[in-house]
Every structure is written in structure tokens, then in C-alpha cells.
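*Asks:*
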Amino acid sequence: MFEAIAFYLFAFLTIVMFSVTVFTKQALYALTALAAGMIFISAFYFLLGADFLGAVQIIVYTGAVMALYAFGMMFFDTTRNVKEYGRSPQIIFLLSGMIALLIVIIFVVPIVSENITAIYPVIEGVGNSQAVGMVLFTKYLIPFEVAAVMLLVAMIAGIVLAGKKMDYSLTLMEDEEIKLAEESKEKALS
Amino acid sequence: MMEITLSHYLILSTILFAIGLVGVLKRTNLLMLFFATEILLNAVNIGFAAISRYYGDLTGQMFAFFVIAIAASEVAVGLGLLIIWFKRSGDIDLTSMTSMKG
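The listed protein sequences correspond, in order, to chains U and F.
Residue numbering for the first sequence follows the working numbering, starting at 6 and increasing by one per position.
Residue numbering for the second sequence follows the working numbering, starting at 6 and increasing by one per position.
1) Tell me the residue span of the alpha helix (DSSP H) that contains residue 8(F).
2) Can residue 42(F) and residue 29(F) be called in contact, C-beta distance under 8 Å?
3) For chain F, check one thing: does any of its Cβ atoms lie closer than 8 Å to the Cβ of residue 125(U)?
4) Residue 32(U) touches chain F at which residues, Cβ-Cβ below 8 Å?
5) Kindly list, in the order they appear in chain U, the residues whose Cβ is closer than 8 Å to that of residue 45(F).
6) Does the distance from the C-beta atom of residue 162(U) to that of residue 80(F) stay below 8 Å?
7) Can residue 81(U) and residue 44(F) be called in contact, C-beta distance under 8 Å?
8) For the alpha helix (DSSP H) holding residue 137(U), just list the boundary residues, first then last.
9) How big is the Cα-Cα spacing for residue 7(U) and residue 52(U)?
10) Using DSSP with H/G/I as helix, E/B as strand and the rest coil, what is residue 108(F)?
11) Considering residue 34(F), what are the terminal residues of the alpha helix (DSSP H) in which it resides?
12) Can you give me the C-alpha to C-alpha distance between residue 62(F) and residue 166(U), rounded to a whole angstrom?
13) Out of 102(F), 18(F), 69(F) and 14(F), state which residue places its alpha-carbon closest to the alpha-carbon of residue 145(U).
14) Note down the Cα distance separating residue 59(F) from residue 137(U), rounded to an integer number of angstroms.
15) Examine chain F for any beta-carbon lying closer than 8 Å to the beta-carbon of residue 18(U), and answer yes or no.
16) Any beta-carbon of chain U closer than 8 Å to the one on residue 102(F)?
17) Measuring only the C-alpha atoms, how far is residue 12(U) from residue 103(F)?
18) From 46(F), 54(F) and 53(F), pick the residue whose C-alpha is nearest to that of residue 22(F); which is it?
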């Protein structure tokens, strides 16, 4: 009973928030609605007994990702309305057809895939965080390490791309400037 | 109706995924496009967590964690590229990125 009420309430709220994100013309409205939707989604994780995932959702998405977007939006002109250009009817027809096909596939797949058994069953007698840790650091250790390397690469890429006080930034210069910089470097070497 | 089953969560996940997909297809502003991709990733995560619960398997939660990690790194790199593009062209619209004429 309680679960049903919570599910329908949060389902409604999440759908409304994400619809606002997708359909609004104001970038700031989209950002705040997205952050609210992320927090509402963590409620589903708590309902599903995935407490650790819910906490990670709040910390990473609303804490880190949304803060990053908020900082990024300082660079852009967010006060004016977002301009949207119209697309041709053929493209809209094609894309909506693809969405319909995708939804049919998504609904059919659980019916097709019967007889699913758990590879790593939920460990009895321990909390969710402990069970997650036990599986993550035994069965999924290599993907975990690879994800760590990927996050490091992303961090370095973010610093290099958005950092200001680099020696010089290839991505910001015009083609002639890049050529000049290379020539001066060659002169310095020879 | 009062009993919440796996289908409820999968339908919710599909609805959210469809909203995100509409956003990806509709938006031409790249920042809004990023928001829509976040919605897509979150919709899939709900599906993973629900499967994990109803089949008693932790694999779904593991995949959800990795999806979150990928989303975080995607934002870091993508936003950096977006800032550079905005500094270069003063516009973050997809239609302004037509430098490669086919």
C-alpha cells in the first residue's frame, strides 16, 4: 500500500520534471527540473532496496553532475530563451517511427527472456551497501578499476579542455596561430 | 493495481526513456541535448535497479553504478568541449556545427 502510493507519487513527479526539462525553453528551468528529477529517481532506488545506489544517485548526480552543469552554464548565455530550429516533416516522421519501434522492443524483451536466474544472488543477512561491496570487489573488480581509469582520463580531459592557464590551447587557436606556434617551436629546437 | 510489480518499473523506465529520446531528437541546443542524455541514462538505471530487485540479483545494481560513472565522465569531457566550442563560435547550437560539408 505504502509502496504503491510512493511509487505512483514519485513516478508522476519524475515524469513531470523530466517533461519540463525536455520541453521548456529556459535553460535554467531545465537545469533545476533535471536536478529535482534526479532526486526523485533516487526515491525509486530506496523503494527497490538499493540504498547504496540511491545515495550514489543523490551524491553523484545532484551533487557533482548538476553542480558541473551549473558551473558550465556560467559560460553560456542562459538568460535568453533557447532557440530551436524547426526540422523537416520527413525527419520527424522517421524519428517518431524509430521511437515507436524502440518502445515495442523494450516491452517485448522481458516477455521473450523467460527463465532468468540470478548469477550473483543478493547476499542474505547483510545490508545493501555491504552486499554491493562484496560483489563489486570480487566479481566486478576489473570493470571497477577500468572505470576508475576512465574517470581519471575524464578528469584530465576536463582540466585540459576547460583550463585557462595552460601554456597554449590548441583547441582555442585559429589554424594560422597553430602553424605559427609550431614554427616557433621548430626554431627553438634547431 | 496496488501491488507494484516489475512491469510497473519497466513501464516507468520506458516512459522516461521515451521522454529523454524526444529530448534528444527535438533539441538542437547542445546543453539541452546533454540534459536529455542524462534522462536517458537515468531511465535505464531505474530498469536495472528494478530487475536487480525482482530477480534477486545484484548485477543490475553493478551496471547502474557503471552507468553513473560513465555519465559523470561524459559530463566532464562533454562540458569541456562545449565550453571551447562556445568560446570559439559564441553559439552552442547544433546547426552552427556544419563545418564538415559533405
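Ideal placement from N, C-alpha and C gives every residue a C-beta, glycine not left out.
*Replies:* Let's see:
1) Residue 8(F) -> no alpha helix (DSSP H), and no H or E assigned at all.
2) Yes, these two residues count as a Cβ contact at 8 Å.
3) So yes, residue 125(U) belongs to the interface.
4) In chain order: 34, 36 and 37.
5) The contact set of residue 45(F) on chain U, defined by CB atoms closer than 8 Å, is empty, because the minimum CB distance reaches about 10 Å.
6) The answer is no: Cβ separation not under 8 Å.
7) One thing to note: residue 81(U) has its Cβ no nearer than 8 Å to the Cβ of residue 44(F).
8) According to the DSSP assignment, residue 137(U) belongs to the alpha helix (DSSP H) that extends over 133-141.
9) Residue 7(U) and residue 52(U) have their C-alpha atoms roughly 10 Å apart.
10) Summary: the structure shown does not reach residue 108(F), with chain F confined to residues 6 through 107, and so no result is reported for it.
11) Taken as a continuous stretch (DSSP letters only), residue 34(F) belongs to no alpha helix (DSSP H), as it is neither H nor E.
12) Between the alpha carbons of residue 62(F) and residue 166(U) lies a gap of roughly 40 Å.
13) Minimum Cα distance to residue 145(U) is reached at 69(F).
14) One C-alpha to the other measures close to 16 Å.
15) With 8 Å as the cut-off, residue 18(U) does not count as an interface residue toward chain F.
16) Not one chain U Cβ lies under 8 Å of residue 102(F).
17) One C-alpha to the other measures close to 44 Å.
18) From the listed residues 46(F), 54(F) and 53(F), the smallest Cα separation to residue 22(F) is found for 46(F).
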